[in-house]
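Colleague:
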Amino acid sequence: MSETTLVAEAPVRRTFPSPYDQPAPVGAEDWKSLYAYNLVFQDNRREVEEAKFWFCDSQHWPTVTKPFETIGFEFAVGCLGQYNSRQLLIPTANGIEYRIHNGYVYMSPVAVDPADIEARVPQFLQRAGHYFQNWESLLQNWHGKLRATIDELEALDFQALPDAIPVDDVLSGKGTGPATELLGSYDRLISLAYRAWQYHFEFLNLGYVAYLDLFMFCKEAFPRIPDQAIATMVQGVDMELFRPDDELKKLAKIAVRDGLAALFADTSDAEGTLAAIAGHPSGTAWTNTWQEAQDPWFNFTTGNGFYAHDEYWRDVPAIPLGFVKNYIEQLQAGVDIDRHVDELVAERDRITGEYAELLSGDALETFHGKLGLARTVYPYVENHNFYIEHWTMGVFWRKARQLSKMLHEQGFWNGEHDMFYLRRDEVREALFDYVNGWMVGAAPIGPDYWPTEVERRRSIVDALSTARPQPALNAPPEVITEPFTLMLWGITDDQIANWLGTGDVPDGTFKGMAASPGVAEGPARVISSADQLTEVQDGEILVAPVTAPSWGPIFGKIRATVTDIGGMMSHAAIVCREYGMPAVTGTGTASAEVRTGQRLRVDGNTGTVTLLD
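If you count the sequence shown from 1, position 29 lands on 108 in the numbering used here, and the numbers rise without skipping.
(1) On the premise that G597 lies in contact with P661, defined as a C-beta separation below 8 angstroms, what is that separation, rounded to the nearest angstrom?
(2) Based on DSSP bridge pairs, tell me the residues matched to D682.
(3) Who are the Cβ neighbours of L85 in its own chain at under 8 angstroms, not counting the five residues just before and after it?
(4) Given this structure, state the Cα-to-Cα distance separating A300 from E422, to the nearest angstrom.
(5) Cβ of H496 versus every heavy atom of the ligand NAD: is any distance shorter than 7 angstroms?
(6) Nearest to I309 by alpha carbon, out of Y391, I430, E534?
(7) For A435 and D441, what's the separation of their Cα atoms in angstroms?
(8) Quick check on the burial criterion: 16 or more other C-beta atoms within 10 angstroms. Buried or exposed for A234?
(9) If you draw a straight line from the alpha carbon of V693 to that of W470, how long is it in whole angstroms?
(10) Spatial neighbours of T685 within its chain, please: CB distance less than 7 angstroms, with the 5 preceding and 5 following residues excluded, ordered by chain position.
(11) Where does V540 fall in DSSP's three states?
(12) What is the DSSP secondary structure of T642, reduced to helix, strand or coil?
(13) Using CA atoms only, rank isn't needed, just tell me which of G208, F237, L168 is closest to L452.
(14) How is V558 classed by DSSP in three states: helix, strand or coil?
(15) Using 10 angstroms around the beta-carbon of T419, count the other beta-carbons present and answer buried if the total reaches 16, otherwise exposed.
(16) Is L691 buried or exposed, if buried means 16 or more other CB atoms sit within 10 Å of its CB?
(17) Our contact map puts S607 next to A623 with C-beta atoms below 8 angstroms; I'd like the distance itself, whole angstroms only.
(18) Report the option in A425, A349, A372 whose CA atom is closest to the CA atom of A401.
(19) Among A190, I175, T228, whose alpha-carbon lies nearest the alpha-carbon of V474?
(20) Do Q202 and L168 come within 8 angstroms of each other at the CB atom, strictly closer than that value?
(21) May I have a chain-ordered list of the alpha helix (DSSP H) segments no shorter than 4 residues that lie completely inside the segment 489 to 532?
(22) What residue from Q101, E495, V105 has the CA that sits closest to T545's CA?
(23) Please state the DSSP three-state secondary structure of L621.
(24) So, are the CB atoms of Y290 and V316 less than 8 angstroms apart?
(25) Residues in the same chain with beta-carbon distance under 6 angstroms from D389, minus the five sequence neighbours each way, listed in chain order, please.
(26) Where does N163 land, buried or exposed, given buried means 16+ other C-beta within 10 angstroms?
(27) Using alpha carbons as the reference points, say which of Q411, V615, R477, V288 lies closest to V694.
(28) So, are the CB atoms of L482 and Y265 less than 8 angstroms apart?
(29) Does A87 come out as helix, strand or coil in the three-state DSSP assignment?
(30) Based on the DSSP output, what are the partners of K636 in its beta bridges?
(31) For the segment 356 to 422, which segments carrying the alpha helix (DSSP H) assignment without a break, of at least 4 residues, lie completely within its bounds, in sequence order?
(32) For I179, write down the residues that DSSP places opposite it in a beta bridge.
(33) When you compare only the Cα positions, how much space is there between T83 and E672?
(34) Is the beta carbon of Q411 less than 8 angstroms from the beta carbon of A340?
(35) Along the alpha helix (DSSP H) that carries K111, what are the first and last residues, could you check?
(36) Have a look at T689 and V681 and give me their C-alpha separation to the nearest angstrom.
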């Protein structure tokens, strides 16, 4: 056999495209000019960047990221890395690199040198062990620190500069003017957001570590145990993330009880609906409950907190009113809208008991110890989402929008929210331009520069939004081993094979992660954003690139959930398990290939989605 024949018969390993060979959509050729130099693939680093495997994090950033919005992944992923590699010294996991490509966020886990793992173990045990041993007291301290941060954010105020410094400030010898405070407030806005994201990961990575420790023990002790059975062992916990949805259900029950249902005919007129309820003879209890829920539970978004355009219940009351209306209709139809935690706990205890019976002695004691720790820390894996992505970021974006509107009124850009087409360092420059013009008594330069530049950038973002991102870039590794990539994003070897079209999946079938048990059939409802939630009908199967925890109010309508990305510990997987909803995550392409109205069978036990017509 000739050498040529040997080469021809060798298996060819398929790869994803290189970012250097993938063209930008028409009209977006200059997209790199929108972002900082360190966020894009530089031409002189081609060899370095192509040696890494990058996956698109559409779970957290499903749409094109505008320049100012890069603050989300820069702060979040940077702080995640700090806790892995510098604070906890997790033996097998460093941080995650990130880049923007054609407007979308890509990630690449940073491996720990095998030679360094052993030395990190005792340091990790000391640091993580302290948190595990003092979890409740440290978590209580965390709540205090975070609430203080939120209060500091709330206190920020971005007002136009006055014609003159108040005379009292002059006569008191204060020595500074409001321009100093305005610049300081912007710097404070950014630094407080950064602080909050450090708090975000203070406990989160430990929550994953404890679960992964239980997971690996179970895989060794019970070689055939499904991933889903391990997840079931920690379900049924009291999560604050579900409290906003519980408040809506409470309001719906009060409305039905007190004869207020007819007042919800047009919840798009939020002001009129609330006024009608407040003026109703039986409306006092409902109105009081509504007002009590505002802070903190309505600091909740139908998005995920990473985008400036995300709408929050507190700011757009028509959103929660619409959900309340839906719950009222379900109650009137005799539907049980409650989330039955007792049933989840019963199933959790049944599964746990069956596997515990297979162990004895030290192994049984170890199992109970790891399980107890996982259950203690597991609630934080989701609860943090309410406190950071929803509450803290809701205040952050509200203040940022106030600043954007103020500079819009000073002529810096044409639309109230156009500031988000600037990078955060450019906003600081524009703000200084405004301040400097005020101080010297001359017109700032920005109004003659930014309106045209913002429109150029808007056209690029719009062009980038016309194309779906590649799921990954460059050659995948032979085996995916990084634990966070596996558990949170669901980037498994099977998932990569599906993306490449090399997986063993029959036509008309999608393979993903068996994220939440159960089997359901029904018509598909494909949506790509929270704006389409009102289109969801009773009995449909939700198909989306990714879901947000705040989509809980529609779970009373749908039969199952299917997403393109996400692992066993993704928000979609956890929320669906807690709502008793079958789910298959990480299908890769379901939202692009399934059409609304097509009948599906979702098997959350095996991780398969089948087209029935």
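Think of the CB as a built atom: it goes at the ideal place given N, C-alpha and C, for glycine as much as any other residue.
Modeller: In this structure, then:
(1) 3 angstroms
(2) V598, T687
(3) In this predicted model, L85 has a pLDDT of only 39, less than 50, meaning its place in the structure is not dependable; the value taken from the coordinates is given anyway. Closer than 8 angstroms at the Cβ level, and outside the excluded window around L85, lies no residue.
(4) 27 angstroms
(5) As presented, the structure is devoid of all ligands, the ligand NAD included, so that no description of it is given.
(6) I430
(7) 12 angstroms
(8) exposed
(9) In the structure displayed, the chain extends from 80 to 692; residue 693 sits before or after that span and is not available.
(10) A593
(11) helix
(12) strand
(13) G208
(14) coil
(15) Here residue 419 turns out to be His, not Thr, going by the sequence shown. It counts as exposed.
(16) exposed
(17) 7 angstroms
(18) The identity of residue 401 in the sequence shown is Gly, whereas the question assumes Ala. With distances taken between Cα atoms, G401 lies closest to A349.
(19) T228
(20) yes
(21) 503 to 519
(22) V105
(23) strand
(24) no
(25) T380, G382
(26) buried
(27) The structure shown does not extend to residue 694, since the chain spans only 80 to 692, so no value can be given for it.
(28) yes
(29) Note that A87 scores a pLDDT of 41, beneath 50, so its modelled location is shaky; the value from the coordinates is reported in the next line. Helix.
(30) DSSP lists no partner for K636.
(31) 363 to 373, 397 to 411
(32) V184
(33) Residue confidence for T83 is low, a pLDDT of 41 falling below 50, so the modelled location carries little weight; the figure read from the coordinates is stated next. Approximately 40 angstroms between the Cα atoms of the pair.
(34) yes
(35) From DSSP, K111 is part of no alpha helix (DSSP H); its letter is neither H nor E.
(36) 7 angstroms
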